[in-house]
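Protein chains in written order, with numbering that gives the first Met the number 0: chain Z, 0 to 400; chain X, 0 to 400; chain P, 0 to 400; chain V, 0 to 400. For each residue, glycine too, the CB sits at the ideal point set by N, CA and C.
There are 4 protein chains.
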Amino acid sequence: MGFDVTPELQAKIDTVREFVRTELYPLEPQFLTRPFTELLPTIAELRKKVAAMGMLASHMPTDIGGGGLHFLEFARISEELGKSPIGLLVFNSQAPDAGNMELMYKHVTPEQRERFLRPLVAGEVRSAFTMTEPGHAGSNPVDMSVTAVKDGDHYVINGRKWFSTAIENAGFAIAMTVTNPKAPPHQRASMFFVPLPHPGLKILRKISVMGETGHDFFCHCEIEYDNCRVPATDMLGGEGQAFRLAQDRLGPGRIHHCMRWIGICERALDMMVERARTRKLGHDRVLGDMQSVQNWIAESRAEIDAARLLVLNAAEAIEKKGAQNARVEISCIKIFVPQVLMKVIDRAIQTHGAMGMTDDTILSWWYRHERGSRIYDGPDEVHKVVIARALLKEHALKERG
Amino acid sequence: MGFDVTPELQAKIDTVREFVRTELYPLEPQFLTRPFTELLPTIAELRKKVAAMGMLASHMPTDIGGGGLHFLEFARISEELGKSPIGLLVFNSQAPDAGNMELMYKHVTPEQRERFLRPLVAGEVRSAFTMTEPGHAGSNPVDMSVTAVKDGDHYVINGRKWFSTAIENAGFAIAMTVTNPKAPPHQRASMFFVPLPHPGLKILRKISVMGETGHDFFCHCEIEYDNCRVPATDMLGGEGQAFRLAQDRLGPGRIHHCMRWIGICERALDMMVERARTRKLGHDRVLGDMQSVQNWIAESRAEIDAARLLVLNAAEAIEKKGAQNARVEISCIKIFVPQVLMKVIDRAIQTHGAMGMTDDTILSWWYRHERGSRIYDGPDEVHKVVIARALLKEHALKERG
Amino acid sequence: MGFDVTPELQAKIDTVREFVRTELYPLEPQFLTRPFTELLPTIAELRKKVAAMGMLASHMPTDIGGGGLHFLEFARISEELGKSPIGLLVFNSQAPDAGNMELMYKHVTPEQRERFLRPLVAGEVRSAFTMTEPGHAGSNPVDMSVTAVKDGDHYVINGRKWFSTAIENAGFAIAMTVTNPKAPPHQRASMFFVPLPHPGLKILRKISVMGETGHDFFCHCEIEYDNCRVPATDMLGGEGQAFRLAQDRLGPGRIHHCMRWIGICERALDMMVERARTRKLGHDRVLGDMQSVQNWIAESRAEIDAARLLVLNAAEAIEKKGAQNARVEISCIKIFVPQVLMKVIDRAIQTHGAMGMTDDTILSWWYRHERGSRIYDGPDEVHKVVIARALLKEHALKERG
Amino acid sequence: MGFDVTPELQAKIDTVREFVRTELYPLEPQFLTRPFTELLPTIAELRKKVAAMGMLASHMPTDIGGGGLHFLEFARISEELGKSPIGLLVFNSQAPDAGNMELMYKHVTPEQRERFLRPLVAGEVRSAFTMTEPGHAGSNPVDMSVTAVKDGDHYVINGRKWFSTAIENAGFAIAMTVTNPKAPPHQRASMFFVPLPHPGLKILRKISVMGETGHDFFCHCEIEYDNCRVPATDMLGGEGQAFRLAQDRLGPGRIHHCMRWIGICERALDMMVERARTRKLGHDRVLGDMQSVQNWIAESRAEIDAARLLVLNAAEAIEKKGAQNARVEISCIKIFVPQVLMKVIDRAIQTHGAMGMTDDTILSWWYRHERGSRIYDGPDEVHKVVIARALLKEHALKERG
């Protein structure tokens with residue numbers, strides 16, 4: 000019945016929850032106030048523990064070294080990991096690597112599999128996905144200007160990308176490029192592996208996002224491909240297939256994001272309730288006696304549960320009919336969950352008063368960085384149009400019979 | 000997986016949907032513009048068809064003459080019936096009768112079962128539930144002033160009730176009364192059957208609600224128990240048990256209401272999309288090309304699906320752990336679904352423009368009468384306090400634990 | 000400073016407020032539960048008192064028999080009158096008559112002035128304004144199909160209109176018609192006086208709006224002009240001028256509506272506070288001790304005051320630069336005030352609980368009928384586009400220098 | 000009429016607007032990506048220009064060296080200065096200095112005036128106001144634990160404060176302390192000047208707020224008074240008067256904040272419109288053609304104008320009846336304006352897409368740091384209670400007659 004969890008999965012969830020609570024929460028003060036690079040050795044140690052638990056890249060099949068969790072199972076783990084800003088990273092299931100792994104698993108050549116995918120799953124390297132371009136609407140992936148021109152048995156890539164997340168210190172990037180400018184719009188682009196560092200890929204700047212330029216995994220870069228030569232054999236998927244592959248990558252990726260956001264919501268609600276319970280107002284009352292705070296708690300509880308069910312339902316729809324046919328369900332969670340997320344974080348901050356503004360809690364970090372949830376992977380507005388057009392079309396078809 | 004529907008149930012849903020569409024939608028112009036009593040013969044005819052389908056009181060067990068649908072199965076039927084304002088009535092699953100039947104099924108004596116319950120399930124009579132009192136907060140059921148005083152082997156009931164829904168032409172009422180004023184608050188009240196008409200029960204007035212006093216099933220009355228004598232054997236459940244019984248009645252009742260509201264939402268969304276698709280704006284565009292309208296469609300789609308899943312999840316919680324232990328889940332749907340309902344209706348009206356204000360569609364009727372969804376069975380504010388207190392208490396226990 | 004009120008105007012406001020409170024509030028039970036026609040004699044009596052006060056049609060200049068209040072002065076009176084659903088009617092400043100008077104005052108011939116305008120200002124007749132057509136977007140006034148064809152020294156009008164408000168028992172209608180179908184869109188239409196009853200104007204039906212077909216002043220009709228012959232001298236304004244006149248009529252009309260809505264808001268807030276103050280919750284608390292209710296009161300107070308200031312500011316903008324140049328200000332109030340209005344009414348209903356749903360108070364009437372505020376005189380969506388385009392254009396002009 | 004601006008004031012506004020646009024906007028990239036201390040020399044230069052314009056501390060009377068603007072005049076200037084995050088600072092009208100100056104002007108001794116106030120107005124030093132304490136609800140200023148105990152002709156201050164804004168490099172702090180713990184709650188506290196640096200005042204930490212610890216003026220510190228001895232003559236105002244003085248300080252301070260927020264809103268709206276106008280979507284459309292974006296522009300325009308009028312109205316109320324009697328008006332703007340502010344900033348970010356998340360524009364800085372607007376100077380929830388109680392009390396008084 001419902002979205003029941005098997006006892007085996009529940010045991011895994013409990014283990015992860017406890018790990019996150021005891022191993023990761025205590026790192027937050029350091030995470031919030033020190034350069035991220037200082038945490039890297041600790042994360043490396045933690046990853047060894049996770050590997051020992053068999054949970055590294057648990058969303059990937061075991062044949063490539065992953066944990067072998069089913070898509071809907073991983074969703075539940077993703078929620079738990081989302082409660083810490085480094086949870087997914089420590090478990091090697093973070094974006095953009097998780098999506099890259101899934102994409103590569105389906106489309107790599109045997110050689111690419113060993114050279115790029117296996118070390119990525121093993122957590123030996125990180126990767127980047129360079130798609131978005133400055134001055135081009137991210138919501139329109141066919142509108143791209145970076146080109147890859149064939150030159151013998153190589154391709155030469157030129158042009159700028161931005162919001163190349165986590166590219167600093169990554170082992171390779173996947174480059175989305177126009178190879179066939181005269182083909183129909185959705186068949187113009189191809190993907191290439193670019194091993195890093197590479198003389199033809201320059202990081203122009205780390206983009207300061209919400210006041211932070213960040214380091215290593217936590218950075219967003221503007222980069223330039225400058226006569227970047229890659230062998231033709233390092234193409235990922237077929238020529239002109241990049242748009243289709245990128246679409247493919249998005250469906251499950253949105254489930255991962257949404258479940259991570261549900262995890263954030265749960266943690267924020269938990270903090271809200273705890274603050275309400277313990278913060279004294281005068282001598283005989285606590286904050287939780289205020290009906291305004293009670294309202295926030297109650298609305299959050301209802302909205303988070305609704306959001307989780309909607310995501311699980313979308314995940315199931317992907318399973319049953321494929322990401323393409325579950326477009327409406329996917330777009331629905333992409334507009335619904337970030338809205339709940341931002342409301343819950345906002346209420347948690349308000350419940351904490353001035354402390355909610357500080358980095359004495361993790362809340363303000365989420366307030367800043369998760370604002371992007373309504374923008375990346377398609378802004379709300381684009382997803383709404385997708386949903387509405389699908390429903391309008393369905394009505395039109397019904398009429399025609 | 001998920002809240003899957005068996006093929007058998009799906010067939011029933013499809014049958015009901017088609018019945019509602021072809022038999023009930025066409026009655027709406029009459030329903031909206033003529034006195035309801037003129038529809039009664041038609042409804043009687045339709046009930047015969049429903050009975051022939053084996054769907055009358057389908058939420059009740061077959062041993063008492065019901066359709067034998069399981070609680071979660073009926074929820075799906077309830078959604079379909081909700082799409083017409085007379086759907087549940089035609090299928091004899093309408094409030095307050097449905098809740099009364101469920102309550103009675105568990106608590107009647109054998110004699111009461113034959114005398115009151117069986118004809119109710121068979122659709123031969125209707126019933127009323129007289130609880131709310133003028134001047135007393137409906138949200139506080141222990142605050143009641145109607146009394147039943149023992150007098151030999153009878154009880155004599157005195158006092159006023161209001162919002163006694165559908166009592167006009169009902170075959171009996173269930174009276175909630177104080178029998179033990181000195182007992183602890185939750186053990187003061189008892190319930191009685193009052194066969195109607197009864198010399199001791201006067202309808203003081205039909206309360207005009209949203210501009211309509213209504214008739215028969217569609218009315219809300221202020222009534223007076225004036226030395227209303229009933230035999231002690233007509234007590235429903237034990238002495239002092241009324242509060243517990245009333246609580247019991249509410250859990251499943253809220254699922255029924257919520258699924259009905261989901262049905263309204265689906266119908267309203269359907270009308271919204273159809274209007275958007277067909278309403279011309281100038282020569283080459285339709286309303287559905289406007290992004291504002293697209294936004295309403297998309298947001299409604301996401302919110303309705305989230306609402307349905309939340310209700311099904313609450314229904315499952317009731318199944319698994321009982322209504323008492325599913326209080327948080329029940330209160331969550333009671334705040335979440337009416338909010339979605341009123342938003343969706345409002346958007347549908349706005350999409351219809353001036354026509355949305357008229358009774359040329361069913362929308363304005365729902366706009367008026369379903370506003371009550373945020374008030375009856377506990378206003379939003381009370382349910383929010385219930386949820387918040389439960390979460391705060393849970394945190395306190397965890398700490399001590 | 001600010002929008003100060005002179006002592007003379009304040010005295011008028013106080014007089015009107017007291018009149019509305021003592022003379023009109025007591026009529027509400029009758030207004031809410033009896034056919035409106037039964038109130039007509041009472042209204043006629045009240046109008047005599049108002050005439051004696053010199054306040055009949057107080058928004059019109061004294062030379063035509065009005066009260067001579069300045070536009071911004073009348074706005075304040077309009078707020079007071081809005082507190083009763085019959086306030087403006089009793090003072091002969093109700094829509095559509097008020098707008099018709101203003102339009103006519105500027106554009107009538109001397110003969111029309113005596114025949115149509117003077118008796119209208121004196122309250123001897125009522126009028127209608129027939130513009131909206133079924134199947135045509137009301138938001139697009141150039142899209143019209145009713146025609147007036149010249150035939151000698153007469154015009155012959157044919158076609159259907161709907162939402163012809165208050166036309167039952169009116170003394171005349173103003174018909175908006177297409178006279179020059181081949182002219183540029185905004186120069187196609189002309190207006191005519193149609194004295195009523197007229198053999199060429201048939202009321203096809205009273206449109207049931209929010210459950211009520213209404214009577215006399217309170218009705219919205221679908222009508223047909225069927226070879227309706229009117230003398231060419233009964234044209235109002237010049238040929239092809241109707242669109243410009245209609246636009247002209249709207250600016251001040253929106254101020255009147257908005258101030259009336261502010262009046263409703265103030266009354267609803269007043270009722271909300273009074274209910275909160277007096278409704279007992281158990282023995283030692285009142286509803287007003289609940290923070291949720293306090294929130295509604297506070298938010299309403301802030302929003303209503305903001306709304307009033309915005310309306311007064313727009314009125315001043317009309318004064319200073321004319322309605323055409325104050326388009327942004329006018330569209331701003333047309334989206335802002337109805338939104339506040341509907342929120343405040345909704346909160347007042349929720350504060351009243353079940354009683355808020357009934358016709359024991361005026362709230363549910365407003366809930367039903369003022370929902371139209373977001374639709375008529377241009378739906379929210381159209382006004383938002385007007386504002387946005389104006390701002391975008393302004394930026395473009397700035398750039399060009 | 001309305002809140003008209005004299006031609007003289009308009010000239011000043013225009014001058015300031017141009018100054019902010021040409022001198023301050025260009026500093027934003029540096030402000031957003033470099034340590035604030037690097038900007039200090041530039042700010043010192045700019046202040047010289049401002050001084051030459053006679054606009055330094057323009058809210059203060061000329062007899063102490065200020066610009067002599069009237070309260071309502073300064074409100075307009077404050078809006079212009081708010082458009083840059085350093086606008087008020089450059090004009091020496093920033094919080095907490097502006098509020099401190101106003102407080103001191105009324106309550107200092109002649110000696111204090113020359114020693115503390117004059118250099119502050121001249122911009123030679125900055126100041127801090129140390130009130131909020133960790134673990135104490137900031138919304139309850141009578142709940143304080145820092146004490147000042149008399150010791151001969153000195154007082155000795157002990158205890159902790161946090162959110163001591165801008166105390167780094169300040170010339171002096173004003174300390175709010177309990178001197179009379181047994182007096183009635185509102186008469187327990189006194190204020191003292193503490194010249195800085197002072198051996199008895201330690202900065203324990205700069206609190207990291209929204210990811211930034213900041214520097215100099217832009218920092219919030221946790222401090223400790225550790226046997227901090229100050230002469231009794233450095234008391235500000237009378238003994239036990241601190242609470243009253245702090246209240247006094249808040250009324251006008253809230254006007255200043257609100258007008259600054261209006262300035263932010265105007266700038267954000269301007270950026271939103273400009274982005275909408277220029278951002279291409281494909282070949283033939285711009286972002287501003289999307290109705291969702293048009294909606295944001297329109298709603299922002301209406302809400303900002305409403306907000307400004309509400310603030311000016313509250314400012315006028317303070318002028319007319321004093322801050323104490325204008326409590327409702329002040330609390331109304333304190334809940335209304337931050338709500339508009341956060342909505343407008345949020346829409347502007349969404350309009351900018353990924354760029355809105357970056358520090359390539361000023362928007363994300365405001366998103367982060369102005370979130371505090373709903374918390375400091377009393378969180379929304381407290382102000383709502385203030386308003387509601389005032390209205391409930393007013394009704395009770397009316398009844399008693």
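When the Cα of residue i is compared with those of the options, which residue comes out closest?
i: V/ILE202; options: V/LEU244, V/VAL19, V/VAL193 and V/SER163; result: V/SER163
i: V/SER126; options: V/HIS219, V/ALA188, V/TRP364 and V/ALA353; result: V/HIS219
i: P/THR403; options: P/VAL4, P/GLY81 and P/GLU101; result: In the structure as shown, chain P begins at 0 and stops at 400. Residue 403 of chain P is therefore absent and cannot be evaluated.
i: P/PRO194; options: P/LYS149, P/GLY210, P/LEU116 and P/LEU55; result: P/LEU116
i: X/ILE85; options: X/GLY400, X/GLY262 and X/ARG274; result: X/GLY262
i: V/ALA172; options: V/GLU211, V/MET271, V/LEU119 and V/GLN338; result: V/LEU119
i: V/ARG300; options: P/TRP161, P/GLY170, P/LEU390 and P/LYS160; result: P/LEU390
i: P/HIS368; options: P/ILE156, P/ILE344 and P/GLY377; result: P/ILE344
Kindly give me the distance between the Cβ atoms of residue i and residue j, rounded to whole angstroms, as I take these residues to be in contact under 8 Å.
i: P/ASP215; j: P/THR36; result: 6 Å
i: P/GLY64; j: P/ALA121; result: 6 Å
i: X/GLU79; j: X/VAL15; result: 4 Å
i: X/SER291; j: P/GLU398; result: Rounded, the Cβ-Cβ distance is 27 Å, inconsistent with contact.
i: V/LEU309; j: P/LEU308; result: 6 Å
Residues of chain X with CB closer than 7 Å to the CB of residue i, please, in chain order.
i: V/SER291; result: GLN290 and ASN294
Taking C-beta pairs closer than 8 Å, name the residues in chain V that residue i reaches, listed in chain order.
i: P/ILE334; result: ALA297, GLU298 and ALA301
Quick one: list the residues of chain P neighbouring residue i, beta-carbon separation under 8 Å, in chain order.
i: V/VAL384; result: GLN290, GLN293 and ALA297
List, in order along the chain, the chain V residues whose C-beta lies closer than 7 Å to that of residue i?
i: Z/GLU449; result: It is not possible to answer for residue 449 of chain Z, since the shown part of chain Z is limited to 0 through 400.
Anything in chain P within Cβ reach of residue i, meaning under 7 Å, just list it in chain order.
i: V/PHE2; result: GLY1
Which parts of the region 120 to 186 of chain Z are runs of the beta strand (DSSP E), unbroken and 3 residues or longer, counting only runs that do not cross its ends?
-> Note on the region 120 to 186 of chain Z: whole beta strand (DSSP E) runs with a minimum of 3 residues are 126 to 129, 146 to 150, 153 to 164 and 171 to 177, in chain order.
Which runs of the beta strand (DSSP E), 3 residues or longer, sit entirely within the region 202 to 263 of chain P?
-> With a minimum length of 3 residues, the continuous beta strand (DSSP E) runs that stay inside the region 202 to 263 of chain P are 219 to 230.
Cβ contact check for the region 225 to 235 of chain P and the region 375 to 395 of chain X: 3 or more pairs under 8 Å = The region 375 to 395 of chain X and the region 225 to 235 of chain P do not touch, with fewer than three beta-carbon pairs separated by less than 8 Å.
Counting pairs of Cβ atoms below 8 Å between the region 66 to 73 of chain V and the region 129 to 149 of chain V, do you hit three or more?
-> As far as the Cβ criterion goes, the region 66 to 73 of chain V does not touch the region 129 to 149 of chain V, which means the pair count is below three.
Inspect the CB distances between the region 250 to 261 of chain Z and the region 311 to 320 of chain Z and report whether three or more fall short of 8 Å.
-> Because the criterion of three Cβ pairs below 8 Å is met, the region 250 to 261 of chain Z and the region 311 to 320 of chain Z touch.
Counting pairs of beta carbons, one from the region 343 to 350 of chain V and one from the region 286 to 296 of chain V, are three or more of them closer than 8 Å?
-> Taking a contact to require three or more Cβ pairs closer than 8 Å, the region 343 to 350 of chain V and the region 286 to 296 of chain V qualify as touching.
Contiguous alpha helix (DSSP H) assignments of at least 4 residues, all confined to the region 270 to 335 of chain V = For the region 270 to 335 of chain V, the full-length alpha helix (DSSP H) segments reaching 4 residues or more read 290 to 324 along the chain.
Counting Cβ pairs closer than 8 Å, one from the region 232 to 242 of chain X and one from the region 43 to 60 of chain X, do we hit at least three?
-> Counting C-beta pairs closer than 8 Å gives fewer than three between the region 232 to 242 of chain X and the region 43 to 60 of chain X, which falls short of the contact rule.
Examine the Cβ distances between the region 281 to 292 of chain Z and the region 321 to 333 of chain Z and report whether three or more of them are shorter than 8 Å.
-> Contact between the region 281 to 292 of chain Z and the region 321 to 333 of chain Z is absent, because fewer than three Cβ pairs lie under 8 Å.
Counting only runs of 4+ residues fully inside the region 73 to 107 of chain Z, write out the alpha helix (DSSP H) ranges in chain order.
-> For the alpha helix (DSSP H) assignment, the uninterrupted runs of no fewer than 4 residues enclosed by the region 73 to 107 of chain Z are, from N- to C-terminal side, 86 to 89 and 96 to 106.
Any 3 or more C-beta pairs closer than 8 Å across the region 356 to 369 of chain V and the region 269 to 276 of chain P | Cβ pair count under 8 Å is below three, so no.
Contiguous alpha helix (DSSP H) assignments of at least 4 residues, all confined to the region 15 to 71 of chain Z = As for any alpha helix (DSSP H) of minimum length 4 sitting wholly inside the region 15 to 71 of chain Z, the runs are 27 to 32 and 39 to 51, ordered along the chain.
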